[in-house]
Amino acid sequence: MTQKKKLLSLIDKNSLVFSNVDKLFLFLSSALDTDIEKVKKLFYSLVSNGDIYEIRRNKFISIPSHGYVKGEFFGTAKGFGFVKVDGFKEDIFIPANKTNGALDGEKVIVKIMSQSGDGTDGEVVSIYEELQSIVGAVTIVANNYFLDPDNNKIPLQLPIIKTGLKLQKNMKVMARIVRTEKGKIKCAVHEILGFEDDVKALELSIVREHNLFEKFPDSVVEAEKKVPKTVSAQQKKGRLDLTGETIFTIDGADAKDLDDAINIKKFDTYYELGVHIADVGEYVKQGNVFDDEAYKRGTSVYFPTSVLPMLPKSLSNGICSLNEGVERLTLSCIMKVDFNGKVIDYKICESFIKSVARLTYKEVYQALTGGELNEKTQKLQKDFLLMRELCDILESNTEKRGALDLDVPEVQFVFDADGMAVDLTRRERNSAHRLIEDFMVLANETIARHFNKLGIPFVYRVHEAPTKEKVYGVCDFLKGIGIPYPQVPDDIKPAYFQEILDNVETLASKDVVNKVVLRSMQKAKYANKNLGHFGLALVDYCHFTSPIRRYPDLTIHRIIKEWLHGKLSTLRKEELDEFAFEAAEQSSACERNADYAERDVDDLWKAYLMKDKIGQEFEATISSVTNFGIFVALDNTVEGLIKIEELPEDAYLFLEKQLKLKGSAHLYSLGDRVKVVLTNVNLQTRNIDFKIVED
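If you're matching positions, the sequence shown starts at 2 in our numbering and goes up one per residue.
Written out as structure tokens, the structure reads:
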């Protein structure tokens, strides 16, 4: 048992009450047989993480216990909120007068007040992780300055404390939250981002609002100076030398952080597929400054014109990137795959490679489809054909096991030399993308299955099955638009949904059905328990292939390396299991935050592109139906709202199960094609409004 678990167990069993904290620490130090300073450090880290709560003076309990739980507070514009607690099927409702000043996104400890069939009510008793800053617009009322938060789930106008900055109305600013002794919330502006009509200032506001990191701290910048530019002879000792193999990378044309490379051979009864991943763990050791920063960021964040990387450039674009013609350290998963697509043997090892070519998806796609070849692709044409052979086999297996193939359109912006968006289109995915995706999935599955069998602490990529309620919701929708669907089985498998998707493949409603099915799914996440991956129809799955841009992959690499070197003692396994849980939770939260930020920035640039098109007419598809109106999507992926009062005059009834708005003379259903006119664009809220064009 780790010291953390022992300490929590002591508190849990003893309901500790001491006349002062010094006596508490003496007791814990003796019970844990540990230096008192180490006990203090561990104790206060658990307090700051919400695992220990002082229920009254010098009486401590572990969380959860005694009717207290911890979780994230989700506010609403009306003042009440909800707390999401791990292990609870439903969120805890917090009345407006029981929030204790908690703001949306803060981590809180909640006392459960009542539980019934209608749900659980609670009261916030402590905020253990406060928001440090907030983004908003400056307003001035009677010469008093206030901040209107961008986050509409914070229904407050915060008084601004003077800091010497010259503020003006409609300025976008970032401010530090200040809580007074009387419980009032104010703010102190420390950064001016620009004005509300400046799209670049609004993009920066999104970065700040999501607490993303643009710059690396001085400690990381200083540590970068010691990062080597080449692989040393010492580092190569004990590794498999693969520099003589035909190994290459395939990435987007603009990619700089090349973290995966492949090679392929064919023998009498099997293919040999090598997936070689940058050995980031060789440079980012657990607990060093690079690791601390990577853990905090969790993932790289990709915007249309920029990247906020998880690791600094000396690592991500330098010594860790599998650049052409230079030796790089790698972790390799070399698989023997029979002609039925089954992995019959594999080797996981530390290696070093020298990529023979840095290829783009476009180049490989042209080579696969009889297009123009260049010097590099000409030499690798046989490899491409072998890749396609194996990919076809893997694709067939994927289809047989019923994995979901959701065709969700992605947007691609076109920018001018000044970095301003001038157009947008749907991002194209071709067969070259599928090659790499399939090979990475196979490597991820192989690694996950190996460590699951060993019972070693690990970080899995999990995707749980949708609830029965969600499945029936999809069926109700399909029934409402006249599309037949198979009977719902007792045990839901992804093949059930794939059959639905196959049935609409050639229909105009394809995109809408894809979206409805996607909405019914739970979100994939990271976990230290293997729960399987519903969407891929796999029992074992992880993320091993992108350690430059994802922290879970880096965590897995560390576990692999410790296993390879025989360092996994019983105590170390306990420590790793604890860390795997924490890393999975942190990385899942960072991933969600990054997804929201990327979506918000995309929506901002879409709004920017539409703002000078007010009055223009467009063909659109109804993408969502609500009780307050309908959302429509243009063919270029731009979405907007038609408010119910902007629909042709009628008495509308919202049919929730069928996702329809029905009037006496008008009917609007999900998937319907409509002609609309653009009526309003709000850059600040990123809202786009349309109106129906009547015949």
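By construction, the Cβ of each residue, glycine as well, lies at the ideal position given by its N, Cα and C atoms.
- Taken through DSSP and simplified to helix, strand or coil, P467 comes out as coil.
- If you keep only unbroken beta strand (DSSP E) runs of at least 3 residues inside the segment 236-298, you get 249-252, 261-267, 271-279.
- The shortest C-alpha to C-alpha distance from P649 to any of I693, V633, Q685, M611 is the one to I693.
- Around the beta carbon of L274, a 10 Å sphere encloses 16 or more other beta carbons of the protein chains shown; the residue is thus reported as buried.
- Across the set S127, F498, Q587, the C-alpha of Q587 shows the shortest separation from the C-alpha of G299.
- With at least 16 other beta carbons inside 10 angstroms of its own, G342 counts as buried.
- Pairing K108 with K167 gives a Cβ-Cβ distance that is not under 8 angstroms.
- Sequence-distant Cβ neighbours of P313 in its own chain, meaning closer than 7 angstroms and more than five residues away, are F217, V221, E225.
- Counting along the chain, Q413 sits inside the beta strand (DSSP E) bounded by residues 412-416.
- When C-alpha distances from P467 are compared across I207, K524, K154, P553, the shortest belongs to K524.
- Taking W606 as the centre and dropping the five residues before and after it, the same chain places the C-beta of P305, F414, A422 closer than 7 angstroms to its C-beta, in chain order.
- Q499 sits close to G403, with the two beta carbons spaced by under 8 angstroms.
- Taking the C-beta atoms as reference points, M441 is found no nearer than 8 angstroms to T556.
- In the pairwise beta carbon analysis, the segment 513-533 is classified as touching the segment 451-470: at least three pairs are separated by under 8 angstroms.
- In chain order, V415 place their CB closer than 6 angstroms to the CB of D424, counting only its own chain and leaving out the 5 sequence neighbours on each side.
- CA-CA distance, D439 to L395, rounds to 7 angstroms.
- Only exposed fits I141, as fewer than 16 other CB atoms lie within 10 angstroms of its CB.
- Nearest in C-alpha terms to A590, of all of E73, L569, T3, is E73.
- DSSP places I345 in the uninterrupted beta strand (DSSP E) bounded by 344-355.
- Going by DSSP, D604 is part of the alpha helix (DSSP H) stretching over 571-611.
- When the five nearest sequence neighbours on each side are left out, the beta carbons in the same chain lying within less than 8 angstroms of the beta carbon of F147 are those of V139, T140, I141, Q158, L159, P160, I161, in order along the chain.
- D491 is the residue among L479, D491, G483 whose C-alpha sits nearest the C-alpha of K469.
- In the three-state scheme derived from DSSP, where H, G and I count as helix and E and B as strand, Y366 is classed as helix.
- With respect to the 8 angstroms criterion, R551 and H558 are not classified as neighbours on the basis of their beta carbons.
- Boundaries of the beta strand (DSSP E) harbouring Y69: 69-76, taken from the DSSP string.
- Rounded to the nearest angstrom, the gap between the Cα atoms of F61 and S31 is 18 angstroms.
- Contact between F353 and L243 is confirmed by a C-beta separation of about 7 angstroms, below the 8 angstroms threshold.
- A189 and E131 have their alpha carbons spaced roughly 15 angstroms apart.
- Residue burial annotation: F619 is buried, with at least 16 other C-beta atoms found within 10 angstroms of its C-beta.
- For K170, there is no enclosing alpha helix (DSSP H), as DSSP marks it with neither H nor E.
- For the pair I135 and A103, the CB atoms are not nearer than the 8 angstroms cut-off.
- Look at F217 here: in three-state DSSP terms it is coil, with no helix or strand label.
- As the crow flies, the alpha-carbon of R573 is around 21 angstroms from that of L332.
- Counting the other Cβ atoms within 10 Å of the Cβ of F629 gives fewer than 16, which makes it exposed.
- Cβ-Cβ distances below 6 angstroms link L671 to V513, I623, V626, L660 in the same chain, with the five nearest sequence neighbours on each side left out; the list follows chain order.
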